[in-house]
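K.L.:
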């Protein structure tokens with residue numbers, strides 16, 4: 316079928332983003348990270364359309380180096396971090412959050 320009812324050209328942009336990251340750290344198992352993704356379609360004069368995409372799982376490899384990107388530009392900063400170092404940072408944030416008393420301001 317080639318006919319498209321009410322076809323009209325559109326102006327806008329489309330990009331992929333990650334609205335949620337899930338870390339699965341089961342006891343005795345290799346940790347995994349799953350990036351939940353969505354495509355954002357922005358059309359002029361309309362609210363953005365969010366299209367869920369398939370999740371992207373990533374098995375944990377503590378030695379795997381990851382280039383650090385500037386979140387504003389997507390450009391490499393020249394630094395790298397290993398998945399193991401990132402795991403240590405997330406663990407440290409968890410421990411800090413767990414040790415905050417109810418009367419203190421949260422650290423996050």
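In this note's numbering, the protein residues as written are 316 to 423.
Note that beta-carbon positions come from the ideal geometry of N, C-alpha and C, so glycine has one too.
On a predicted model such as this, the values are computed, not experimentally measured, just so you know.
Which stretch, first to last residue, makes up the alpha helix (DSSP H) that contains residue 409?
P.N.:
398 to 413
K.L.:
What's the gap between the Cα of residue 343 and the Cα of residue 374?
P.N.:
14 Å
K.L.:
Which whole-angstrom value is the C-beta distance of residue 392 and residue 405, which I expect to be below 8 Å?
P.N.:
For residue 392 against residue 405, the beta-carbon gap comes to about 19 Å, at or over 8 Å, which does not count as contact.
K.L.:
Kindly give me the distance between the Cβ atoms of residue 356 and residue 399, rounded to whole angstroms, as I take these residues to be in contact under 8 Å.
P.N.:
Rounded, the Cβ-Cβ distance is 37 Å, inconsistent with contact.
K.L.:
Along the chain, which unbroken stretches of the beta strand (DSSP E) at least 3 residues long are found entirely within the segment 322 to 386?
P.N.:
327 to 339, 347 to 358, 364 to 367, 371 to 374, 380 to 384
K.L.:
In three-state terms, what does DSSP make of residue 389?
P.N.:
coil
K.L.:
Rounded C-beta distance between residue 370 and residue 350? I'm assuming under 8 Å.
P.N.:
7 Å
K.L.:
Please identify the residue among 390, 388, 329, 335 whose C-alpha is closest to the C-alpha of residue 362.
P.N.:
329
K.L.:
Tell me the rounded alpha-carbon separation between residue 346 and residue 378.
P.N.:
14 Å
K.L.:
Report the option in 331, 334, 352, 338 whose CA atom is closest to the CA atom of residue 409.
P.N.:
In terms of Cα proximity to residue 409, the closest of 331, 334, 352, 338 is 338.
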